[in-house]
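*Asks:* Top line first, the protein sequences correspond to chains A and B. Mapping of the first sequence onto my numbering: position 45 corresponds to residue 812, and the numbering continues sequentially without gaps. Mapping of the second sequence onto my numbering: position 761 corresponds to residue 765, and the numbering continues sequentially without gaps. Would you mind keeping the following structure in view while I ask a few things?
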Amino acid sequence: MIKKQTVSFKLNGTDVDVVVEPRELLIHTLRERLQHTGPHIGCETSHCGACTVDLNGMSVKSCTVLTVQCQDAEMVTVEGLEQGGALHALQEGFTKEHGLQCGFCTPGMITRAYRLLKENPSPSEEEIRYWMAGNLCRCTGYQNIVKAVQYAAKAMSQARTGT
Amino acid sequence: MTATTEGLERETKLQGIGTSRLRKEDARFIRGKGTYIDDIKLPGMLFGAMVRSPYAHARIKSINKAKALAVPGVVAVLVADDLKPVKLDWMPTIGGDVQAVLAGEKVCFQMQEVAMVIARDRYSAADGADMVEVDYEELPAIVDPHKAMAPDAPIIREDIAGKDEVSHGKRTHPNHIFTWEAGDKAGTDAVFASAAVTVRQEVLNPRVHPCPLETCGCVASFDKITGQLTVYITSQVPHLVRTVVAMLSGIPESKIRIISGDIGGGFGNKVPIYPGYVIAIVASIVTGVPIKWIESRIDNISTTGFARDYHGVGELAADKDGRIKALRFSALADHGAFNSHVSATKLPAGLFSICTGSYDIPMAYCRVDAVYTNKAPGGVAYRCSLRVTEAVYLIERMVDVLAQKLGLDKAEIRARNFIKADKFPYTTSLGWTIDSGNYHAALDKVLTAVDYAGLRKEQVDKRAKGELMGIGVSTFTEIVGAGPTKVCDILGIGLFDSCDIRVNPTGSAIARLGTMSQGQGHATTYAQIIATELGLSSDEIQIEEGDTDKAPYGAGTWGSRSTPVGGAAAAMAARKIRAKAQKIAAHLLEVGEGDLEWEVDRFKVKGSPAQAKTMKEIAMAAHTSNLPQGMEKGLDATEYYDPPNLTYPFGAYVCVVDIDRFTGETKVRRFYALDDCGTRINPMIIEGQIHGGLTEAFAVAFGQAIPFDENGNHLGNSLMDYFLPTAVETPHWETDHTVTPSPHHPIGAKGVAESPHVGGIPCFSNAVVDAFAHLGVTHMDMPHTAFRVWQQCKALGINTR
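Given below as structure tokens:
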């Protein structure tokens, strides 16, 4: 048996410790050990983005990150976006603009868009499409996902300026 | 409905048919709280990992489990010999054939299931699967279906080599499955012999995969004490799964519970029953603990639920003005190693005979020959009804081929051949009765919207400059909503569907249906139908599907059948409740039933509108002693709806492409889609379905194909190779509609989700070919990747500066 290691990181603002084999993938740690089943497994090869999480201020595909790489990391998943019972503007936007159907890609999409709006608070449609290209959706055709991100960008900008 | 303002306000509050009500499903999905198959965790659960064949055709000489069993965490290794004592090493298929659950004697396609390793977690299961030693003797493989019936072709299915029939009639070769025909062959041949103009074109629908974002999987849990089997499963057809599992296992159907939770997309991939499910069930019965089996993406693309692989030949006969006089279509169908083709029993080639399309074609004949090859088994309907994409693709391509031969405009030739609006119901020469349509109006609306004449003028100018611009037109008619039980059954079970509604004393309701949403938004739209029918707010109507212990029996969701069949059942069950409510209202108001009229949410006395009972009031009364004499308590109803006909949604699409002749890259400049799905329940959801269907059509037309080498090795079965469009490639979609209600559906609805896929694929192909039409090109096979389009440019000598 390979020796297990203890890994400590911050998940959605809470300190967690896990004991894992060095080969364990972050997506499995999140889903199997930490009961965070928002990130999904769609391809296991970094293509589909259903497993996207925010790791130290970057979007990563958690199916190809080893948990042991996450020591002292700050991690945000879709479960961490709702604050004090209030939905994140992106969560609201995805519903209002019908940006989801089966919902399987949605946690990854929202988590990716969360990073996009942190880096670029008012992206153009072209920028949104480019930024979201690492996240695949089979249901929506992306048009309403673009609208959902635009909805959130506008709502967040209004909240910032108080208009 | 009502003319009064107050009445209209009440109607708006119901959020019923016609409103873009936001989806009730979303609350859990946007929070990451859906319950998909891999989210199911049961105490003591073990994991199964599949051992698969590296060869497409090989004899299994031996299997050695010893090293795998020695891997820490491995509990068991199941091979065909372990399934034999319970007679589950083979299983029947929907296509009337049998399929190996685990290969015992030989493997017939690459990645075929050979063993399953059961272990404590997914890592040790994968470790164990790597350690199973299988000794193979490789055999020559057949990959090209055209070579399957050669006299000296290797025999793929030795288990049935002696049988002259596996289903659907006589076999003429060991690799032959069936030959199916429809129409008047002699009559058609005669028209062709004397026709002014004939055209012929080979048209391929390559092997593709629906590739939903969630792969297939299950958690099987057998309770040895109670004998109860519960299976959580990614199935579009949970009730049919229960019946098949009962037939296979011998467990009474009443002790089997199938639960389809949230499904991460289906598109036809999640209709069949796969070996992995069966092995997980056996493993749970043997071990007495729950077993989880989930496909990897590579497993998914390689082994479960491929679509198409139809090698068609289209022929049309016409007069000199382009009026089509006869149609002769054939297809060679590659069903892979086992005939697990998804279709209705009496329809071995599905609904392929809808291939006369939107056109008034007096004579037709079609034929499909299905063969075995060393490829994965099946043939599912990828976002379409059974073989409808193949049929519509052929006719929509062939109409263009004919137009080019005659030098006619591609919109004009369609208008000349449309079934006229006053001819419905119209029975086609291949026997389908199209209930309704208004094709000229739809096409005219689209041509005006895109300024078709202006586009054609622009194209002339571009061609003069040596640029490639293509305009694609598609005017399709679908056939969906399987279906009338006299025509459609699976394993003898008619394809009706069902709805059970229970109205609570306080006027909320729960409705359970035999269909199964995979993202279509049933919890939202079914509630809207019931809200309008019952006058109760859709927000207080709960919809449940997928749990066979709760929902009434139904044939599930595929072939756009939910609205045509399940939606009809919902409306009819609600009408039964309303009929009872009317009796109760008459009793309470002390008038005759005939003195009452329905208005939005209440029965009121004619001429005395203040005297009324709302459905909420009636719901409470139904649970008291104050009922008409002899009436049962409660306000419930169940409907098993057997549709009198299928439904026939249609549409008119125009696509404009610009092609770079130096690189072969195609840019979709514009796509305008007009769909007529009859009565529109939720316009927001309809538009979403159309966006999705068009995107899947774009994927098929421009990139999807599962290639093999001559030994049957997959040449692209991960998302590295298999094309799923991203937000960057996906075009912008413009949508439009007309409304031609179905005359036989209770609310006039027809179904919509598949139309954009079925109608979209030929529209893209027609646009690409049209870009080369002036250079004499009449057809190019999909997928229209940059490389393949560049090859066309090179062949024409236009790829250099």
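Positions of the beta carbon are idealized from the N, C-alpha and C atoms, including for glycine.
Where does residue 300 (chain B) sit, in a helix, a strand or coil, going by DSSP?
*Replies:* coil
*Asks:* Roughly how many angstroms separate the alpha carbons of residue 716 (chain B) and residue 56 (chain B), rounded to a whole number?
*Replies:* 14 Å
*Asks:* For residue 830 (chain A), return the contacting residues in chain B, with the cut-off set at a CB-CB distance below 8 Å.
*Replies:* Here the premise fails: no neighbours, minimum Cβ distance about 10 Å.
*Asks:* Tell me whether the beta-carbon of residue 357 (chain B) lies closer than 9 Å to the beta-carbon of residue 763 (chain B).
*Replies:* no
*Asks:* Establish whether the CB of residue 822 (chain A) and some CB of chain B are separated by less than 9 Å.
*Replies:* It does not: the Cβ of residue 822 (chain A) has no partner Cβ on chain B nearer than 9 Å.
*Asks:* Out of A:774, A:916, A:873 and A:813, state which residue places its alpha-carbon closest to the alpha-carbon of residue 894 (chain A).
*Replies:* A:916
*Asks:* Buried or exposed for residue 919 (chain A), please, with buried defined as at least 16 other CB atoms from any protein chain shown within 10 angstroms of its CB.
*Replies:* buried
*Asks:* My guess is that residue 696 (chain B) and residue 679 (chain B) are in contact by the Cβ rule of under 8 Å, so how many angstroms apart are they, rounded?
*Replies:* With a Cβ gap of about 13 Å, residue 696 (chain B) and residue 679 (chain B) do not count as contacting.
*Asks:* Spatial neighbours of residue 246 (chain B) within its chain, please: CB distance less than 8 Å, with the 5 preceding and 5 following residues excluded, ordered by chain position.
*Replies:* 257, 260, 261, 262 and 552
*Asks:* The beta strand (DSSP E) with residue 94 (chain B) in it runs from where to where?
*Replies:* 94–96
*Asks:* Below 6 Å CB to CB, which residues in the same chain sit around residue 405 (chain B) once its five sequence neighbours on both sides are set aside?
*Replies:* 203, 205 and 782
*Asks:* Assign residue 84 (chain B) to one of three DSSP states: helix, strand, or coil.
*Replies:* helix
*Asks:* Could you check how far apart the C-beta atoms of residue 99 (chain B) and residue 347 (chain B) are, in whole angstroms? I think they sit under 8 Å.
*Replies:* 7 Å
*Asks:* In chain A, which residues lie with their C-beta within 7 Å of the C-beta of residue 884 (chain B)?
*Replies:* Residue 884 (chain B) is absent from the model: chain B starts at 5 and stops at 805.
*Asks:* So, are the CB atoms of residue 754 (chain B) and residue 653 (chain B) less than 9 Å apart?
*Replies:* Using a Cβ distance threshold of 9 Å, residue 754 (chain B) and residue 653 (chain B) count as a contacting pair.
*Asks:* At 9 Å on the CB atoms, spell out the chain A contacts of residue 278 (chain B), in chain order.
*Replies:* By Cβ distance, chain A contributes nothing, its closest Cβ being about 18 Å from residue 278 (chain B), past 9 Å.
*Asks:* Between the segment 691–709 of chain B and chain A, which residues of the former have CB atoms less than 9 Å from a CB of the latter, in chain order?
*Replies:* 691, 692, 693, 694, 695, 696, 697, 698, 699, 700, 702 and 703
*Asks:* Taking Cβ positions only, does residue 47 (chain B) come closer than 9 Å to chain A?
*Replies:* no
*Asks:* Residues of chain A with CB under 7 Å from residue 300 (chain B), in chain order?
*Replies:* 811
*Asks:* I need the straight-line Cα distance from residue 802 (chain A) to residue 236 (chain B), nearest angstrom please.
*Replies:* For residue 802 (chain A) and residue 236 (chain B), the distance between alpha carbons rounds to 19 Å.
*Asks:* Would you report the Cα separation of residue 588 (chain B) and residue 578 (chain B), rounded to the nearest angstrom?
*Replies:* Each residue's alpha carbon lies about 15 Å from the other.
*Asks:* Quick check: the Cα distance between residue 903 (chain A) and residue 382 (chain B), rounded to an integer number of angstroms?
*Replies:* 26 Å
*Asks:* Pop quiz: residue 216 (chain B) and residue 273 (chain B) are said to be a contact at Cβ under 8 Å. What is the actual Cβ separation, rounded to whole angstroms?
*Replies:* 5 Å
*Asks:* Under 9 Å, Cβ to Cβ, is there at least one residue of chain C near residue 840 (chain A)?
*Replies:* This model lacks chain C altogether; the protein chains it does include are A and B.
*Asks:* Pick helix, strand or coil for residue 503 (chain B), following the three-state DSSP scheme.
*Replies:* strand
*Asks:* Mind reading off the beta-carbon distance from residue 418 (chain B) to residue 398 (chain B)? Whole number of angstroms is fine, and I expect it under 8 Å.
*Replies:* With 8 Å as the limit, residue 418 (chain B) and residue 398 (chain B) do not qualify as a contact, their Cβ atoms being about 15 Å apart.
*Asks:* Applying the 10 Å Cβ sphere with the 16-neighbour rule, what's the burial state of residue 385 (chain B)?
*Replies:* Burial call: buried.
*Asks:* With the cut-off set at 9 Å, would you say residue 25 (chain B) and residue 528 (chain B) are in Cβ contact?
*Replies:* yes
*Asks:* Under a CB-based cut-off of 9 Å, is residue 447 (chain B) close to chain A?
*Replies:* no
*Asks:* Between residue 923 (chain A) and chain B, is any beta-carbon pair separated by less than 9 Å?
*Replies:* no
*Asks:* Based on Cα-Cα distance, which residue from A:810, A:856 and A:779 lies nearest to residue 926 (chain A)?
*Replies:* Closest option to residue 926 (chain A), Cα to Cα, is A:856.
*Asks:* What does the alpha-carbon distance come out to for the pair residue 900 (chain A) and residue 722 (chain B)?
*Replies:* 17 Å
*Asks:* Looking at the unbroken alpha helix (DSSP H) that takes in residue 184 (chain B), where does it start and where does it end?
*Replies:* Not the alpha helix (DSSP H): residue 184 (chain B) falls in the beta strand (DSSP E), residues 180–187.
*Asks:* So residue 647 (chain B) and residue 572 (chain B) are supposed to be a Cβ contact under 8 Å. How far apart are they, rounded?
*Replies:* At roughly 6 Å, the Cβ-Cβ gap stays under 8 Å, so residue 647 (chain B) and residue 572 (chain B) are in contact.
*Asks:* What do you reckon, are the CB atoms on residue 105 (chain B) and residue 95 (chain B) nearer than 9 Å?
*Replies:* The answer is yes: Cβ separation under 9 Å.
*Asks:* Identify the continuous beta strand (DSSP E) that holds residue 636 (chain B) and give its terminal residues.
*Replies:* It is not in any beta strand (DSSP E) - residue 636 (chain B) carries neither H nor E in the DSSP assignment.
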